[in-house]
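Under our numbering, the first residue of the sequence shown is numbered 4, with each subsequent residue one higher. Heads up: the structure comes next, in structure tokens.
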Amino acid sequence: MKDLDIVILAAGKGERMVSRKPKVMHEIMGKPLLGYVVDAARRLEPARTIVVTGYGREIVEAYLEEKGVATAFQEEQKGTAHALASARAHLGGNDVLVLLGDVPLIEHSTLVQFLEFCRVSASIVFLTTDVADPSGYGRVVMDGDIIADIREDADAAAAEKLIRRINTGICYIPFRDLELIDLIDTANRKGERYLTDICKVARAEGGCAKGFYHPRAEEVLGVNTLKGLLEANTVMRQRINEGHMARGVTFLDTDIYVESDVVIGQDTVIASHCHIAGATIIGEGAYIGPSSIIRNCRIGNNVTIAGLVFMEGVEAREGVRIGALSRFKQDMVIERRA
4 MKDLDIVILA
14 AGKGERMVSR
24 KPKVMHEIMG
34 KPLLGYVVDA
44 ARRLEPARTI
54 VVTGYGREIV
64 EAYLEEKGVA
74 TAFQEEQKGT
84 AHALASARAH
94 LGGNDVLVLL
104 GDVPLIEHST
114 LVQFLEFCRV
124 SASIVFLTTD
134 VADPSGYGRV
144 VMDGDIIADI
154 REDADAAAAE
164 KLIRRINTGI
174 CYIPFRDLEL
184 IDLIDTANRK
194 GERYLTDICK
204 VARAEGGCAK
214 GFYHPRAEEV
224 LGVNTLKGLL
234 EANTVMRQRI
244 NEGHMARGVT
254 FLDTDIYVES
264 DVVIGQDTVI
274 ASHCHIAGAT
284 IIGEGAYIGP
294 SSIIRNCRIG
304 NNVTIAGLVF
314 MEGVEAREGV
324 RIGALSRFKQ
334 DMVIERRA
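Have a look at this one:
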């Protein structure tokens with residue numbers, strides 16, 4: 004989508020995480036939250052992707068530099084509209100998709116459907132969903148298929164607080180409407196410039212904003228607490244494991260932990276309590292015995308690991324058989340005996 008720019012908002016501290024670490028750098032399944040969002044953006048093949056950084060800038064930007072991602076800095080956290088404005092100098096003349104750096108579970112198919120809707124509607128669009136408890140979220144006030152307003156929780160009236168349809172923060176802004184950001188004021192309890200206020204600004208200028216409803220709330224909501232981080236980790240672990248099983252890998256238990264960048268070949272069997280992490284590559288027809296810990300290793304085809312084995316930075320070549328209760332040092336190469 005070469006006529007699309009993507010901006011990922013990742014400047015916030017995340018007070019509810021109760022952590023000195025930037026919220027977007029907390030990990031699920033071995034990868035920062037932000038890493039999943041960057042990967043999702045890249046799959047869309049936009050003209051450019053810009054990540055807006057703020058709190059913990061040095062840590063976040065060092066990570067993004069390794070991934071070759073451009074950044075813009077929001078010096079003061081003055082709201083989401085201010086964050087997007089911080090990136091405008093880096094954008095081209097394209098429509099903009101705004102993603103959030105703390106929403107790691109967003110699926111590629113969901114973003115494709117969202118963008119298809121946006122292109123047809125040719126208007127500002129916010130991705131919405133329904134939740135049982137909307138506390139803390141912006142409530143979406145609908146007028147037919149048009150968003151009349153999005154009321155942040157702190158500013159919502161009592162009747163508005165009963166609304167279960169909420170704003171996920173993901174939105175699409177046509178290039179022609181980007182200038183509306185300049186008209187967003189700070190007339191709210193937090194004294195911030197909310198990007199959601201672009202809905203009422205657009206309406207006042209004779210335009211509109213529409214809502215794209217997504218039924219699976221757990222996929223499109225941000226991680227705001229360490230409890231939420233654990234829940235996201237559980238969802239991602241199941242998603243990763245199911246992906247491997249769909250490609251012909253046998254999992255003998257639900258407690259197996261396989262990080263997001265691990266590659267496993269067809270007809271390999273993974274026994275219970277295994278922990279496979281980092282940039283590990285496992286070939287075809289291998290057997291990884293129970294309670295094995297394998298990190299950043301290359302395991303060849305038809306390798307058998309009996310179980311209770313610790314390996315880090317090791318290469319086990321084709322056909323090797325490794326006994327139980329073994330520990331291997333960094334950079335070792337294990338070969339079959341002649």
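Note that the Cβ used here is the ideal one computed from N, Cα and C, for glycine as well.
For the pair the region 85 to 95 and the region 43 to 62, tell me if three or more CB-CB distances fall below 8 Å.
yes
Alpha-carbon spacing of CYS121 relative to SER294, whole angstroms
Here residue 121 is taken as the residue at index 118 of the sequence shown, counted from 1. Here residue 294 is taken as the residue at index 291 of the sequence shown, counted from 1. Approximately 48 Å, taken between the alpha carbons.
8 Å contact criterion, which GLY310 and ALA274 should meet: CB distance rounded:
The sequence position of residue 310 within the sequence shown is 307, counting from 1. The sequence position of residue 274 within the sequence shown is 271, counting from 1. Contact holds; Cβ gap of about 7 Å.
Report whether the distance from the Cβ of THR52 to the nearest heavy atom of the ligand GTP is below 8 Å.
Of the ligands one can find in the structure shown there are none, so the ligand GTP has no counterpart to examine.
Can you round the beta-carbon distance between VAL272 and ASN244 to whole angstroms, since I take them to be within the 8 Å contact cut?
In the sequence shown, the residue the question calls residue 272 occupies position 269. In the sequence shown, the residue the question calls residue 244 occupies position 241. Between ASN244 and VAL272 the Cβ distance is about 13 Å, and since that is not below 8 Å, they are no contact.
Please classify HIS111 as buried or exposed, where buried requires at least 16 other C-beta atoms within 10 Å of its C-beta.
Residue mapping note: residue 111 aligns to position 108 of the sequence shown, counting from 1. HIS111 comes out exposed.
For LYS213, count neighbouring C-beta atoms within 10 Å of its own C-beta (all shown protein chains included) and say buried if the count is 16 or more, exposed if not.
Here the question's residue 213 lines up with position 210 in the sequence shown. Burial call: buried.
Rank GLY38, GLN116, MET32 by C-alpha distance to the C-alpha of GLU68 and give the top, closest one.
On the sequence shown, residue 68 is found 65 positions in, with the first residue counted as 1. Here the closest residue by C-alpha is GLY38.
Where does ILE109 sit, in a helix, a strand or coil, going by DSSP?
Locating residue 109 in the sequence shown gives position 106, where the first residue counts as 1. Of the three classes helix, strand and coil, the one that applies to ILE109 here is coil, per DSSP.
Quick check on this structure: which residue in ILE325, SER89, MET314, SER263 has the alpha carbon closest to the alpha carbon of ARG340?
Position 337 of the sequence shown holds residue 340. When each option's Cα is compared against that of ARG340, the closest is ILE325.
Just how far apart, CA to CA, sit THR189 and VAL99?
Taking the sequence shown and counting its residues from 1, one reaches residue 189 at position 186. Taking the sequence shown and counting its residues from 1, one reaches residue 99 at position 96. Rounded to the nearest angstrom, the two C-alpha atoms are 23 Å apart.
Could you tell me the alpha carbon to alpha carbon distance between ARG91 and VAL40, rounded to whole angstroms?
Residue 91 sits at position 88 when you count from the first residue of the sequence shown. Residue 40 sits at position 37 when you count from the first residue of the sequence shown. Spanning the two alpha carbons is a distance of roughly 20 Å.
Please state if the CB of GLY104 and the CB of LYS26 are separated by a distance shorter than 9 Å.
Within the sequence shown, the letter at position 23 stands for residue 26. Within the sequence shown, the letter at position 101 stands for residue 104. Yes, the pair counts as a contact, with Cβ atoms nearer than the cut-off.
Boundaries (first-last residue) of the beta strand (DSSP E) holding TYR175:
The residue given as residue 175 occupies position 172 in the sequence shown. From DSSP, the beta strand (DSSP E) with TYR175 extends over 168 to 176.
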